[in-house]
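So that you can map any letter, position 68 of the sequence shown is 68 in full-length UniProt numbering, and since no number is skipped, the others follow by simple counting.
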Amino acid sequence: MTSKGNFCRKIGLIHENLSCLINNVLNFIIHFFKHVNPVYSSNYSNGISNEIPQNSDKKKTGSVKKLDDSIEKSQNNLNEVNDSKQGNAEKPQKARKYITLPGGKRKWIRILPPKVRGKDKKPRKKGKEHGNWKHGLGKTREYDSEKYAAWKEAVLRNCNFRCLVTGKTDKLNCHHLNSWDWYEEGRYDAANGVAITVDIHKEFHAKYGSGQNTFEEFEHFLFENYNMTLNDRQYGNHEPRFTTESVSQDLQRKQQEKQADLIELINSRNHELVSGIYKKSSSVIVIRCKIHDVIHETTATNYKKSKTGMSCCGRQRQSQATAYYNTLR
1 MTSKGNFCRK IGLIHENLSC LINNVLNFII HFFKHVNPVY SSNYSNGISN
51 EIPQNSDKKK TGSVKKLDDS IEKSQNNLNE VNDSKQGNAE KPQKARKYIT
101 LPGGKRKWIR ILPPKVRGKD KKPRKKGKEH GNWKHGLGKT REYDSEKYAA
151 WKEAVLRNCN FRCLVTGKTD KLNCHHLNSW DWYEEGRYDA ANGVAITVDI
201 HKEFHAKYGS GQNTFEEFEH FLFENYNMTL NDRQYGNHEP RFTTESVSQD
251 LQRKQQEKQA DLIELINSRN HELVSGIYKK SSSVIVIRCK IHDVIHETTA
301 TNYKKSKTGM SCCGRQRQSQ ATAYYNTLR
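Shown next, in the form of structure tokens:
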């Protein structure tokens, strides 16, 4: 019983000493603030929050004044940062950082998840801000695209797919002898066009301008720059000459033949054509697989080049091949 009483007395003394120590520390802190700034002590004693009054007439001294200045400076910096963020909403984020590996090598690693990748890039320039912007109106003239394509094909066939001046077969342009803007009846006339290289075409229009061009201007251009007339070199030109109408019919016939070949290929693969017509190699078609009941969109050329035509049939073909080779082990 005696030992138990002694232990309790010791615990009581320790508790009393701790209470005195805490009271002394609190008194010291209050005394310090009273001497440093009376405003703090008055606010503390009245139960008011420890905010510094904005219109206080009492002079601030020592460390408190420095503290106030630093708080104000930090607040101003924070406001500037917020303003810059609001004005720069699309500021690029950092997606990678450079780290040093244990061996001493340096390496770039990604620090953004895949969903936000690309935000480290600068905003793309559009409209007038883009370097290649010209007028913003695009191709405004109205024309029949199929008829225009037939006219170009007829002009190239008449010139045997060669430049009238140099005889080259690459980088050819079809030039209107009487320009498109004023000679409406000859816009799709194959006799109103010649095949020349891109460089010669640019050279002509740089000298005579784009628009209001005539047959006589082109003749003068050939004679003055190349010492030749319009019919000096023919390079096996066709007679009778091709017309836009005849070439258009020929192109339509070829399109129908290729459409029939495409449908035959689709049926042979146990597929079904949902929509799309073959007009050119990049024509978009929609195919449905009758085996797997899957719909797929692709181009005519890609469908022809593919071994199975659709990804579902390709996976089935691969799994069958894998199962067969597994039996040979």
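Glycine included, C-beta positions come from ideal geometry on N, C-alpha and C.
If you're wondering where the values come from, they're calculated on a predicted model, not measured in any experiment.
Taking a contact to require three or more Cβ pairs closer than 8 Å, the region 239–250 and the region 146–162 qualify as touching. By the Cβ rule, the region 274–282 does not count as touching the region 164–184, because fewer than three pairs are nearer than 8 Å. With contacts defined as CB atoms closer than 8 Å, residue 303 and residue 285 qualify as a contacting pair. Non-local C-beta neighbours of residue 299 in its own chain, meaning closer than 8 Å and more than five positions away in sequence, comprise 281, 282, 283, 284 and 285, ordered along the chain.
A distance of 8 Å or more separates the beta carbons of residue 327 and residue 317. An exposed status is given to residue 230, since fewer than 16 other beta-carbon atoms sit within 10 Å of its beta-carbon. In the DSSP secondary-structure assignment, residue 272 is bridged to 288. In this structure, residue 188 keeps its C-beta atom at 8 Å or more from the C-beta atom of residue 133. Secondary structure of residue 98 (DSSP, three-state): strand. Under the Cβ criterion (8 Å, minimum of three pairs), the region 188–199 counts as touching the region 158–173. Residue nearest to residue 191 within the set 158, 296 and 125 is 158 (criterion: CA-CA distance). Close CB contacts of residue 289 within its chain, under the 6 Å cut and outside five residues either way in sequence, are with 271, 310 and 312 (chain order). Between residue 183 and residue 123, the alpha-carbon positions lie close to 45 Å from each other.
Comparing alpha-carbon positions, the option among 213, 209 and 255 lying closest to residue 186 turns out to be 213.
Rounded to the nearest angstrom, the Cβ distance from residue 208 to residue 216 is 10 Å, too far for a contact under 8 Å. Look at residue 163 here: in three-state DSSP terms it is coil, with no helix or strand label. Per DSSP, the beta bridge partners of residue 299 are 284.
Taking the Cα of residue 202 as reference, the smallest distance to any Cα among 130, 257 and 172 is reached at 172. Residue 266 places its beta carbon less than 8 Å from that of residue 287. Its Cα nearest to that of residue 223, the residue 204 stands out among 210, 204, 211 and 240. For residue 156, the uninterrupted alpha helix (DSSP H) run begins and ends at 145–158, by DSSP. With a minimum length of 3 residues, the unbroken runs of beta strand (DSSP E) contained wholly in the region 191–275 fall at 193–197 and 271–275. The alpha carbon of residue 142 has as its nearest neighbour, out of 168, 131, 109 and 181, the alpha carbon of 181.
Take residue 228, set aside five residues on each side of it, and the residues of its chain with a beta-carbon closer than 6 Å to its own are 222, in chain order.
In this structure, 261 is the residue among 321, 261 and 295 with its C-alpha nearest to the C-alpha of residue 301.
DSSP lists 97 as the beta-bridge partner residues of residue 109.
Counting of Cβ neighbours within 10 angstroms places residue 321 among the exposed residues, the total staying below 16. Taking a contact as a CB-CB distance under 8 Å, the pair residue 279 and residue 255 counts as one, their CB atoms being some 6 Å apart. For residue 178, no alpha helix (DSSP H) encloses it, and the DSSP letter there is neither H nor E.
Taking every protein chain shown into account, the CB of residue 314 has fewer than 16 other CB atoms within 10 angstroms, so this residue is exposed. Setting aside the 5 residues that flank it on each side, residue 297 is surrounded in the same chain by 286, each with a C-beta closer than 6 Å to its C-beta; the list follows chain order.
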